[in-house]
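**Q** Going by the UniProt record's numbering, the first residue of the sequence shown is number 1, and it counts up by one from there.
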Amino acid sequence: MSMKTKKENSYFKQNIQRNLLNETNFLQNLEVEHNAPALSVNSTYIHQMFEAQVTQTPDAVAVVFDNKYFTCQQLNQRANQLAHYLQSLGVGPEVLVGICIRSLEIVVGLLGILKAGGAYVPLEPEYPLERLSFILQETQVEVLLTQKRLAQSLPASRSLIYLDSDGEVISQQSEENLVCETTESNLTYVIYTSGSTGQPKGVMICHAGICNQLCWRQNTFPLTTADKVLLSFSFSFDPSVWQIFWPLSCGAKLVLARPGGHQDSAYLVKLIAEQQITTIAMVPAMLRLFLEERDVDACKYLRYIFCGGEALPAELQTRFFTRLNIDNVLHNVYGPTEASIDATYYYCDRNSNYRIAPIGRPIANTQIYILNPELQPVPVGVPGELYISGSGLARGYLNRPELTAEKFIPHPFNSEPGIRLYKTFVHTMGGNVLGYRSLAHYLGQDQPFYGLQAKGLDGKQTPHTRVEEMAADYIREIQDFQPFGPYFIGGYSFGGLIAYEMARQLQAQGQKIAVLVLVDTYNRQGLEFEKLSLRSKFSWHLNNLLRLKLKAEFTYIKQKLKQRFYSQKQSTVSLQTTPLQAAFDQALKTYVPQVYSGKLLLFRATQQHKSWSPSMKIDSQLGWGKLVAGGIEIKDLPGHHFNLLREPCVQILAESLQAYLDSMQASE
């Protein structure tokens, strides 16, 4: 990846004005069929949708976590008691209430806040203390729902309600439904996403948008009382909203995964099979791991799989249909947090010719426009920027009126007061550099971000087999675009090795490196390996084998035997690898980094993935200490090596990186 500062990129933001459409085509593009779907939304509040369901199926199981559960009536009564208690503390419309819980009580807490008329602010226990403090300070919540065991991880000076120990006080409240005093324009929740300034920004979502989302889902993908929906996202990410409230609103069962379980593909397969889950959501990266699990074919009850957050490539769709062999189940969805979860959807077809799944058509009561810089629709095939309008748009950003005005603009084609467009900054024609997509998204458009594609990715060119060659090739590419420094260069994992070598070669040219960023990149030459006992080796290999399907088990064993008995012949042929991967493997084995005279910003995972060899001894600087003459600044990230560019780790990475870049610019 390559980055530039806002000031240095100003030239590239200039656009040449051009009139692409005549008046007739202009109007035709606005009246296209895909922007037409409308749906009548009967209820304006999600907690009332649940209350209506309680009257129909009071004794049905509403939510399950581990071996515990609540029926619809039990859940409603407990939520009512909490709501009455919260109202006695002053909670009502437009009052924000924090919630930081890990248990079945999280659903009680969310419903209780909404029934009281308030809006919830989700807080993850794993968040760094600085992030939690920032959110609590900006939202100014006076009441925070949590558990005793989590209190020590929260900032002080808050009115804490412990749902696991304050039950006696709360249980004295009425079990009856409350009189609703909110309106559809009142807040439902404020969820924080990373901002382009390095600070999280709170997206304010109202009842109207969420009810539209749930009604569209139930109308398009009907759930019944026989369905079971898995909460597979952290509740601090907006897909969790539909995963929680959609099943509650229509009588389906909500199943909660264990903490951290949404990142464990083996656990998810086991849980989905055991609980007979019918509805799940995954990012493509997790779907890929999910499909590699040996027992994935046991997930035979799946009816709806929603995939979003990243591009969904054709080969992954093919893999899905090959492994599970079910049609009309996989759906690609797209939507920023600012659009009340999903704004578009696409039915994935095994016979599709798309290289990447399209984002599809708008959901009900939502309009999508692809516009040029003059806010005019572009013809088919011409790149433009995606704009979203409709009932799902957020109110804006909490305490950020200028940013709200920048991103939520007056609707240029609708004179009705208050109708707006949300500018996504997502371009409709992109490249194949997808691994950094989420990071680029969270950095925002104000921080331009350029991906460098590997030679040979198209299958036509011969890939480089040495890191030095790759670096030189990339330098030629970026200097065609930016001939002189300063350069902002970074990379993740193997890409970090290339970025390091690029920085060295650019310095040799006399160019200035403003910053070199490595994301969990190891200098293999600087690592040490300790000798393991036979028992330790056996335990480690057995653990790896248990995570593989049968065919992959044989491949794994053959690879290990090959390494053991033929290493002296220096065989470099890797079983079942592409030419590009084989080239990467060779480059990785032969690269010997040399001294770099600049400074290094090193992001480091705090968890070690279970598949990594226990013999590897990792020092605090990942092997770079003796090579980087200008010093190393280390920033730790929650997560392991393989999920740093996925939610939720990628948000924290983006915030930390943007804050570092901003501090650099401020000091100039």
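Even glycine gets a Cβ: it sits at the ideal position worked out from N, Cα and C.
(1) Please report the straight-line C-alpha distance between L312 and P284, rounded to a whole angstrom.
(2) Which word fits E51, buried or exposed, when buried means at least 16 other C-beta atoms lie within 10 angstroms of its C-beta?
(3) Can you look up Q367 in the DSSP assignment and give me helix, strand or coil?
(4) Cα-Cα, which of D342, I326 and E468 is closest to N332?
(5) Classify Q509 as buried or exposed, calling it buried when 16 or more other Cβ atoms lie within 10 Å of its own Cβ.
(6) Cutting at 6 Å between CB atoms, please list the residues of its own chain near L518, excluding the five before and the five after it.
(7) What residue range does the alpha helix (DSSP H) around V54 cover?
(8) What number of angstroms, rounded off, separates the C-alpha of T183 from the C-alpha of W246?
(9) Could you compute how far the alpha carbon of P125 sits from the alpha carbon of G260?
(10) Do you know offhand how far C307's Cα is from H262's?
(11) Determine the DSSP secondary structure at K626, reduced to helix, strand or coil.
(12) Can you confirm whether the region 272–279 touches the region 290–306 when touching is taken to mean that 3 or more C-beta pairs between the two stretches lie within less than 8 Å?
(13) Nearest by alpha-carbon distance to Q276: which of D227, V143, I370 and I419 is it?
(14) Is R350 buried or exposed, if buried means 16 or more other CB atoms sit within 10 Å of its CB?
(15) Which of the three DSSP states is assigned to E633 in this structure?
(16) State buried or exposed for P463, treating a residue as buried only when at least 16 other CB atoms are found within 10 Å of its CB.
(17) May I have the straight-line CA-CA distance separating A60 from C72, to the nearest angstrom?
(18) What number of angstroms, rounded off, separates the C-alpha of H427 from the C-alpha of Y369?
(19) On a CA-only basis, which of T279, P412 and I210 is nearest N328? Give me that one, please.
(20) Measure the beta-carbon distance from S159 to V143 and round it to whole angstroms, keeping in mind my assumption that it falls under 8 Å.
(21) Three-state secondary structure (DSSP) at R361?
(22) State the DSSP-derived secondary structure class of F321, mapped to helix, strand or coil.
(23) Work out the CA separation of S240 and D295 for me, nearest whole Å.
(24) Taking the beta carbon of P373 as the centre, do at least 16 other beta carbons fall within 10 Å, making it buried, or is it exposed?
(25) Does the beta-carbon of K512 have 16 or more other beta-carbons within 10 angstroms, so that it is buried, or is it exposed?
(26) Compute the Euclidean distance between the alpha carbons of S171 and L82, then round it to the nearest angstrom.
(27) Rounded to the nearest angstrom, what separates F65 and L637 at their Cα positions?
(28) What are the uninterrupted segments assigned as beta strand (DSSP E) that are 3 or more residues long and contained completely in the region 268–329, given in chain order?
(29) Excluding the 5 residues preceding and the 5 following N80 in the sequence, name in chain order all residues of the same chain whose CB lies nearer than 8 Å to its CB.
(30) Applying the criterion that 16 or more other CB atoms from any shown protein chain within 10 Å of the CB defines a buried residue, is V573 buried or exposed?
(31) Cβ of Y189 within 7 Å of Cβ of G202?
(32) Is it true that the CB of L622 sits closer than 7 Å to the CB of L516?
(33) Would a C-beta distance cut-off of 7 Å place V97 and Y127 closer than the cut-off?
(34) Using a Cβ-Cβ cutoff of less than 8 Å, which residues in the same chain neighbour R288 once the five nearest sequence positions on both sides are dropped?
(35) Determine the extent of the beta strand (DSSP E) in which I489 is found, giving its start and end residues.
(36) Looking only at its own chain, which residues have a Cβ that is under 7 Å from the Cβ of P200, when we skip the five neighbours before and after it?
**A** According to the structure shown:
(1) Indexing the sequence shown from 1 puts residue 312 at position 312. Indexing the sequence shown from 1 puts residue 284 at position 284. Each residue's alpha carbon lies about 6 Å from the other.
(2) Here the question's residue 51 lines up with position 51 in the sequence shown. E51 is buried by the Cβ-count criterion.
(3) In the sequence shown, the residue the question calls residue 367 occupies position 367. Three-state DSSP puts Q367 in a strand.
(4) Against the sequence shown, residue 332 aligns to sequence position 332. Of the listed residues, the one whose Cα sits closest to N332 is D342.
(5) To locate residue 509, count along the sequence shown from 1; it is residue 509. Under this definition Q509 is an exposed residue.
(6) Stepping through the sequence shown from its first residue, residue 518 is reached at position 518. Result list for L518: G496 and L602, in chain order.
(7) Here residue 54 refers to the residue found at position 54 of the sequence shown. Counting along the chain, the alpha helix (DSSP H) containing V54 begins and ends at I46 to Q56.
(8) Along the sequence shown, one-based indexing puts residue 183 at 183. Along the sequence shown, one-based indexing puts residue 246 at 246. Their backbone Cα atoms lie some 20 Å apart in a straight line.
(9) One-based indexing of the sequence shown puts residue 125 at position 125. One-based indexing of the sequence shown puts residue 260 at position 260. Answer to the nearest angstrom: the Cα atoms are 11 Å apart.
(10) By 1-based counting over the sequence shown, the position of residue 307 is 307. By 1-based counting over the sequence shown, the position of residue 262 is 262. About 14 Å.
(11) On the sequence shown, residue 626 is found 626 positions in, with the first residue counted as 1. Three-state result, K626: coil.
(12) yes
(13) As a first step, residue 276 is located in the sequence shown; it is residue number 276 there, counting from the start. Ranking D227, V143, I370 and I419 by Cα distance to Q276 puts D227 first.
(14) Counting from one through the sequence shown, the residue named residue 350 turns up at place 350. Under this definition R350 is an exposed residue.
(15) Here the question's residue 633 lines up with position 633 in the sequence shown. Strand, per DSSP.
(16) Your numbering for residue 463 matches position 463 in the sequence shown. Classification of P463: buried, given that the 10 Å Cβ count is 16 or more.
(17) As a working note, residue 60 is residue 60 in the sequence shown. As a working note, residue 72 is residue 72 in the sequence shown. Using only the alpha carbons, I get a separation of about 6 Å.
(18) Counting from 1 along the sequence shown, the entry for residue 427 is found at position 427. Counting from 1 along the sequence shown, the entry for residue 369 is found at position 369. Here H427 scores only 37 on pLDDT, less than 50, and its place in the model should not be relied on; the value that follows carries that caveat. The straight-line gap from Cα to Cα measures roughly 12 Å.
(19) The residue given as residue 328 occupies position 328 in the sequence shown. Comparing Cα positions, the closest option is T279.
(20) Working through the sequence shown from its first residue, we reach residue 159 at position 159. Working through the sequence shown from its first residue, we reach residue 143 at position 143. At roughly 5 Å, the Cβ-Cβ gap stays under 8 Å, so S159 and V143 are in contact.
(21) In the sequence shown, residue 361 corresponds to position 361, counting from 1. R361: strand per DSSP, three-state reduction.
(22) In the sequence shown, counting from the first residue as 1, residue 321 sits at position 321. Residue state, collapsed to three classes: helix.
(23) Numbered from 1 along the sequence shown, position 295 holds the residue referred to as residue 295. Numbered from 1 along the sequence shown, position 240 holds the residue referred to as residue 240. The alpha-carbon atoms of D295 and S240 are separated by roughly 25 Å.
(24) One-based indexing of the sequence shown puts residue 373 at position 373. Under this definition P373 is an exposed residue.
(25) Here residue 512 corresponds to residue number 512 of the sequence shown, with the count starting at 1. Counting Cβ neighbours within 10 Å, K512 comes out exposed, since fewer than 16 surround it.
(26) Taking the sequence shown and counting its residues from 1, the one referred to as residue 171 is at position 171. Taking the sequence shown and counting its residues from 1, the one referred to as residue 82 is at position 82. Straight-line Cα distance between these residues: approximately 8 Å.
(27) Taking the first residue of the sequence shown as position 1, residue 65 is located at position 65. Taking the first residue of the sequence shown as position 1, residue 637 is located at position 637. Cα-Cα distance, rounded: 28 Å.
(28) 279–282 and 304–307
(29) For the purposes of this step, residue 80 is taken as residue 80 along the sequence shown, with counting starting at 1. Excluding sequence neighbours, N80 sits near G112, K115, Q173, S174, E175, E176, N177 and L178.
(30) Taking the sequence shown and counting its residues from 1, one reaches residue 573 at position 573. Reliability fails at V573, whose pLDDT of 34 lies under 50, so the model's placement of it is uncertain and no value is given.
(31) To locate residue 189, count along the sequence shown from 1; it is residue 189. To locate residue 202, count along the sequence shown from 1; it is residue 202. Taking 7 Å as the Cβ cut-off, Y189 and G202 do not qualify as a contacting pair.
(32) In the sequence shown, the residue the question calls residue 516 occupies position 516. In the sequence shown, the residue the question calls residue 622 occupies position 622. Result no, Cβ atoms of L516 and L622 do not sit closer than 7 Å.
(33) Within the sequence shown, the letter at position 97 stands for residue 97. Within the sequence shown, the letter at position 127 stands for residue 127. In this structure, Y127 does not lie closer than 7 Å to V97 by Cβ.
(34) Locating residue 288 in the sequence shown gives position 288, counting from the first residue. Here the set comprises L316 and R319.
(35) The residue given as residue 489 occupies position 489 in the sequence shown. It spans Y487 to Y492 - the beta strand (DSSP E) in which I489 sits, taken as one unbroken run.
(36) Locating residue 200 in the sequence shown gives position 200, where the first residue counts as 1. Excluding residues within five positions, the ones whose Cβ falls inside 7 Å are R131, F134, I135, Y192, T193, S194 and E655.
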